[in-house]
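Below is one structure, written out as structure tokens; the observations come after it.
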Amino acid sequence: MRYEAPATVEQAVALLSAAGSAGRVMAGGTDLLVQMRTDVVEPGVLVDIKGIAEIRQIAEEAGGFRVGAAVTGAELKEHPRLKAVWPGIVEAANLIGSTQVQGRATMGGNLCNGSPAADSVPALIAAGAKALVAGPKGRREVPVEDVMVGPRKLSLGRDEIVIAFLLPARPARSGDAYLRFIPRTEMDIAVVGCGVSLTLGPDGTCTAARVALGAVAERPLLVTEASGILVGKRIDAAVLETLAAAASAACRPIDDKRGTKEFRIKVAGVLARRVAQIALERAEGKTA
Amino acid sequence: MSKHHVSATVNGDAVEFLCETDETLLDVLRNQLGLTGTKEGCSTGDCGACSVTVDGRLVCSCLMLGVEAGGKSIATIEGMAVGETLHPLQQKFLSHAALQCGICTPGFLVAAKALLDKNPNPTETEVRYWLAGNLCRCTGYDKIIRAVMDAAAEMRGA
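Top to bottom, those sequences are chains A and B.
In terms of our numbering, the first sequence is residues 1 to 288.
In terms of our numbering, the second sequence is residues 1001 to 1158.
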């Protein structure tokens, strides 16, 4: 097995193109090294992207943020501006693993590992984030909800790399949040995860909203009905009940050791209601 | 493929080693550098027994390749005491009997030191969450938490 640590995106793409099916991108490695140890994957060429400066940076641009795909969870937490504007994304990323794992784990890796239960992905989808993808033909932007297509399956080519997440400009009176259900308080994998991002107008009416769910389908889902339910209304208990029903209806989960289909469908609704409430309070400026 | 020639700093000393791509930093520390204080527990990043810091950042050394250590500054349990003088955390682990079999202890100490370096006055809740990635299968958690809180208090007073 070869190890390569290119200094530029172009070099990394060229290495992956040459490696074909043997190539594997390595960011934090917290999933990849475990999969290598258990022979789930056996790469011929590891392409470590952490030496590429632009993939390791958080920048404010175009009124929004550009978050490098290999920024670690610990670094996200230490960025006061990002945390203030997108608390839901930072909280979601910080739920991944332990303090030790946070020192290495990245949102790019969380997405490209291809787990339907990845915590940061519903938060990014709710935010309307785009993945900036580099490949042999140059760069393109892909909505985060279109990157994962199934467990361990991505829509990207073998020689394409997610290099950053583009978070849109944030209007005043906006809030986001993410919660997951796990049967303990820490160090677990989501049974259901839910991210909500919304914006309020001057009169308190919701003007934009996105809701996403994790671990309830073969990939993280954008709940397409949610914006129609929330936008144009003052978000009250009745609206939140309608949202909960829509979130439950969007689920197509499996039974597994973490939870049954019925449980996941119910919890998705409960979480959607609670998470929307937190996002609402943040948009109203009542809580940080 | 020839081995990688890696130069790094471990506990303040310049070191060089040769490693294969699939050797973890944990493998290198224990098998090449003879630093066996860092323990191998689960090898999957769940137990924290292999905790070290890399450029000041707490990580599991089983989840990092040795070749990635090039140019980095690594701190292990062996660097915690100064000569014969134990670090306050080590002293408090002894006086609170915060260890039984001892396999998890180096990881707890390295992780707790990383917390106190960052936050000298943590709440008990903060300590418990910070150390959630360190497992003690003798389940001596309460004594460990008390030792960390006591060490933090002593270090603030010092």
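Even for Gly, the Cβ is constructed at its ideal location relative to N, Cα and C.
Just to confirm the assignment, what range does the alpha helix (DSSP H) spanning residue i have?
i       : result
E61/A   : First-last for E61/A: 58 to 61, but that is the beta strand (DSSP E), not the alpha helix (DSSP H).
K130/A  : Premise fails: K130/A lies in the beta strand (DSSP E), 130 to 135, not in any alpha helix (DSSP H).
A268/A  : 261 to 283
E1124/B : 1124 to 1130
V34/A   : 32 to 37
I1145/B : 1141 to 1157
K83/A   : 80 to 85
E42/A   : Neither: E42/A is in no alpha helix (DSSP H) and is coded neither H nor E.
A18/A   : 9 to 19
Compare the C-alpha of residue i against each of the options and name the closest.
i       : options                            : result
G109/A  : G128/A, G135/A, A84/A, V147/A      : V147/A
D39/A   : L1033/B, N1031/B, G1048/B, D1022/B : D1022/B
A131/A  : A246/A, A208/A, V144/A             : V144/A
A84/A   : E218/A, A117/A, P253/A, R173/A     : R173/A
E160/A  : F263/A, G20/A, V90/A               : G20/A
H1087/B : V1110/B, L1099/B, G1034/B          : V1110/B
G138/A  : R273/A, A12/A, T287/A              : A12/A
S1073/B : G1045/B, R1137/B, V1006/B          : V1006/B
A1098/B : C1047/B, A1069/B, V1059/B, A1151/B : A1151/B
T224/A  : G204/A, E218/A, I125/A             : I125/A
G1034/B : S1043/B, E1016/B, P1122/B, C1047/B : E1016/B
A209/A  : R170/A, P220/A, K77/A, R104/A      : R170/A
E54/A   : V133/A, I189/A, A217/A, G214/A     : V133/A
For the beta strand (DSSP E) containing residue i, list its first residue and its last residue.
i     : result
E4/A  : 2 to 4
L46/A : 45 to 48
Which one or two residues does DSSP pair with residue i in a beta bridge?
i       : result
C1019/B : H1004/B
Y178/A  : G195/A
A1014/B : T1009/B
V25/A   : V47/A
T72/A   : T106/A
G64/A   : E61/A
T1024/B : L1065/B
L167/A  : F65/A
So is residue i buried or exposed if we call it buried at 16+ other beta carbons inside 10 Å?
i       : result
P183/A  : exposed
R1156/B : exposed
L1131/B : buried
L1094/B : exposed
L156/A  : buried
4 or more residues per run - each alpha helix (DSSP H) lying fully within the stretch 91 to 164 of chain A
Taking 4 residues as the minimum length, the alpha helix (DSSP H) runs contained wholly in the stretch 91 to 164 of chain A are 99 to 102, 107 to 112, 120 to 127, in order along the chain.
Going along the chain, which unbroken runs of the beta strand (DSSP E) with 3 or more residues stay wholly within the stretch 180 to 258 of chain A?
192 to 200, 206 to 214
So within the stretch 1027 to 1110 of chain B, which uninterrupted beta strand (DSSP E) runs reach at least 3 residues, ignoring any that extend past its ends?
List check, beta strand (DSSP E) in window: 1051 to 1054, 1057 to 1060, 1073 to 1075.
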